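Structure record follows, encoded as structure tokens.
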Amino acid sequence: MNNETQSKMEKIVSLCKRRGFIFPGSEIYGGLAGTFDYGPLGVTLKKNIQNTWWKHFVTDRDDMYGIDADILMNPRAWEASGHVSGFSDPLVECPKCHRRFRADHVEKKDGVQHCPEDNTVLSEPRQFNMMFKTNIGATEDPNSISYLRPETAGGMFVNFKNVVDSIHPKMPFGLAQIGKAFRNEIAPRDFVFRLREMEQMEIEYFCHESKWEETFEELRKEFKKWMLSIGLNEKFIHEVEIGDGDRAHYSKRTIDFEFDFPIGQKELAGLAYRTDFDLKQHSEFSKVDLSYFDEETKERYIPHCIEPSIGVERTILAVLTSAYKEEVVGDETRTVLSFSPSIAPIQVAVLPLSKKDELSGPAKDITKRLSKIARVQYDETQSIGKRYRRQDEIGTPYCVTVDFDTLDDLAVTVRDRDTMNQDRIKIDELEAYISKKLGL
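Numbering (the working numbering), first residue to last: 73 to 512.
Below is the structure:
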């Protein structure tokens, strides 16, 4: 990471805490590595991103069905998926300070890995299973062991038969889920990029084997379209074809969507052709038939699966990276988060020029009216210039200023965040004007 990108990351982290987007987890107790909490603006940003994803891939389609599987599952499900035996990272340990690191994150010097803290030669790598293990019930023995799910996909495969039997979807169709996943990362780092607790937005799209290539391509295009719709910089997105030796064992084709984060070009999302591996595995381990009978062709088969998967937190970091800007205006620098209006926590700020009732009254009435169509914040503290800068910094696309001329001309000034242009708009026309600007 060069100084410029490191500085950008530090500025994003600082802004997120200062403005109520993201806080370090358990901060008053010294923190807990790999955990972060979302503040008032951050949780709204997260929900907005999730809502656009759900609308794009579920609500606006007639071949996609939502599901919300439990975090805890029968441990046999994780044996079937291969997570119990194979969900691991290489771990190395310092014999002096006992710090542990991921082996692939520590560079070698003359063929040997040294501790980044005290330069001691590290141990030989060993595999470390990243699933969080827990016990269910009052006793703790091998029969009570369960796991916090390391991905949301498992619950969709396990419920495949329930969905088919209950709503009888026609092939092809997809199951979609947004939910928590947990990974006992050896070395969580880089803000919200690598965490121990995260949320995933995943789809398991089932089709006939003969249709997998066209299905893969259609989902690839839709995935990219959605990324651009939430404001990700297209120049920062790279589609990387994963080679035979680097793909997951169940995958026949995988594309990683990598993104130019401040920490470098890293994986943001994945699109994998999982073949019929998962349903076959769960059929074998559960002894339940997970095949699909096509009423039109009279064919019975195990469906193949295409999986688009993206992490919520990495998406948030990508959005922040794309949106963060610093501009020199006059003799000062203004910081701007140029969020897409669809995901901005606040879409419109209403700013009375004075706290006096003669202006605050009409301003509150405007706030109430606009709140029916947009996410609105009423802000009357500090000078109007400072309020503009504050709204720029939290990514508010439009500010509506109520001034003393409003009392005479029944109009307000609407300021555009990105251009800083100002338009004088009649109050009676304001809702239509804002609706058009927000693309509602």
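Ideal Cβ placement from N, Cα and C applies to all residues, glycine included. Computed from a prediction, not measured in an experiment: that's the story for all the values here.
Within the continuous alpha helix (DSSP H) that includes residue i, where are the two ends?
i: Arg266; result: First-last for Arg266: undefined, no H or E at that position.
i: Pro147; result: 147 to 153
i: Met492; result: Run containing Met492: none; DSSP gives neither H nor E here.
i: Ser507; result: 499 to 510
i: Met228; result: 225 to 230
i: Ser301; result: 284 to 301
i: Gln249; result: Note, Gln249: premise wrong, no alpha helix (DSSP H); beta strand (DSSP E) at 245 to 254.
i: Val122; result: The residue asked about is misnamed: residue 122 is Gln in this sequence, not Val. Segment 112 to 126, the alpha helix (DSSP H) holding Gln122.
Have a look at residue i and residue j and give me their C-alpha separation to the nearest angstrom.
i: Arg91; j: Ser153; result: 41 Å
i: Met73; j: Phe265; result: Residue confidence is low: Met73 scores 49 on pLDDT, short of 50, so the model does not pin down where it sits. Its coordinate-derived value is still stated next. Their Cα atoms are separated by approximately 14 Å.
i: Gly402; j: Gly183; result: 54 Å
i: Cys519; j: Cys279; result: Because the chain is modelled from 73 through 512, residue 519 falls outside the range shown and cannot be assessed.
i: Val130; j: Val422; result: 34 Å
i: Pro260; j: Tyr373; result: 41 Å
i: Lys233; j: Leu362; result: 6 Å
i: Leu117; j: Arg198; result: 39 Å
i: Thr439; j: Val448; result: 7 Å
i: Asn120; j: Val312; result: 27 Å
i: Ala504; j: Pro434; result: 18 Å
i: Glu465; j: His310; result: 28 Å
i: Pro167; j: Glu189; result: 12 Å
i: Gly97; j: His177; result: 24 Å
i: Asp161; j: Phe329; result: 21 Å
i: Trp150; j: Val156; result: 6 Å
i: Tyr345; j: Glu99; result: 41 Å
i: Thr369; j: Lys307; result: 44 Å
i: Pro529; j: Gln419; result: No information on residue 529 is available, as it lies outside the stretch 73 to 512 that the chain covers here.
i: Lys428; j: Lys458; result: 18 Å
i: Gly241; j: Val235; result: According to the sequence displayed, residue 241 carries Pro and not Gly. Using only the alpha carbons, I get a separation of about 8 Å.
i: Arg496; j: Leu247; result: 47 Å
Residue i: which of the options sits nearest, CA to CA?
i: Tyr277; options: Asp437, Leu291, Glu271; result: Leu291
i: Asp475; options: Ser507, Ser426, Gln494, Gln463; result: Ser426
i: Ala105; options: Leu409, Val130, Phe263, Ile94; result: Phe263
i: Thr407; options: Glu368, Arg461, Met203, Asn493; result: Arg461
i: Thr192; options: His155, Phe200, Arg172, Pro334; result: Arg172
i: Ser499; options: Gly303, Ile139, Thr485; result: Correcting the residue type first, residue 499 is Ile in the shown sequence and not Ser. Selected option, being the one with the closest Cα: Thr485.
i: Ile388; options: Asp316, Val472, Val115, Lys83; result: Val115
i: Val360; options: Thr393, Tyr345, Val230, Asp451; result: Val230
i: Phe254; options: Leu144, Thr287, Ser301, His321; result: Leu144
i: Ile314; options: Thr326, His321, Leu304; result: Thr326
i: Asp332; options: Glu289, Asp437, Thr393, Asp135; result: Thr393
i: Val384; options: Tyr110, Met81, Arg319; result: Tyr110
i: Gly138; options: Asp488, Leu442, Met228, Tyr101; result: Met228
i: Ser216; options: Thr478, Pro417, Asn146, Lys297; result: Asn146
i: Phe288; options: Pro380, Glu212, Ile302; result: Pro380
What residue range is occupied by the uninterrupted beta strand (DSSP E) comprising residue i?
i: Ala483; result: 483 to 488
i: Asn207; result: 205 to 207
i: Val360; result: Counting along the chain, Val360 falls outside any beta strand (DSSP E), and DSSP gives it neither H nor E.
i: Gly336; result: 336 to 347
i: Glu404; result: 404 to 409
i: Phe333; result: 325 to 333
Taking only beta-carbon atoms, is residue i less than 8 Å away from chain C?
i: Asp134; result: The structure shown contains no chain C; it is built from a single protein chain.
Is residue i close to the ligand GDP? I mean its beta-carbon at under 7 Å from any heavy atom of the ligand.
i: Gln185; result: This structure lacks the ligand GDP, and indeed carries no ligand of any kind.
Three or more C-beta pairs under 8 Å: does that hold for the segment 343 to 352 against the segment 175 to 195?
no
Contact between the segment 266 to 285 and the segment 120 to 136 is defined here as three or more beta-carbon pairs at a separation below 8 Å; is this criterion met?
yes
Do the segment 387 to 400 and the segment 408 to 421 make contact, defined as three or more Cβ pairs closer than 8 Å?
The segment 387 to 400 makes contact with the segment 408 to 421: 3 or more CB pairs, one atom from each, lie closer than 8 Å.
Segment contact, 8 Å Cβ cut-off, at least three pairs: the segment 338 to 346 with the segment 206 to 220
no
Within the segment 426 to 471, note down every full beta strand (DSSP E) run reaching 3 residues or more, in order along the chain.
448 to 450
If you scan the segment 367 to 398 from start to end, which runs of the beta strand (DSSP E) of 3 or more residues do you find wholly inside it?
Complete beta strand (DSSP E) runs here, min 3: 371 to 373, 376 to 383.
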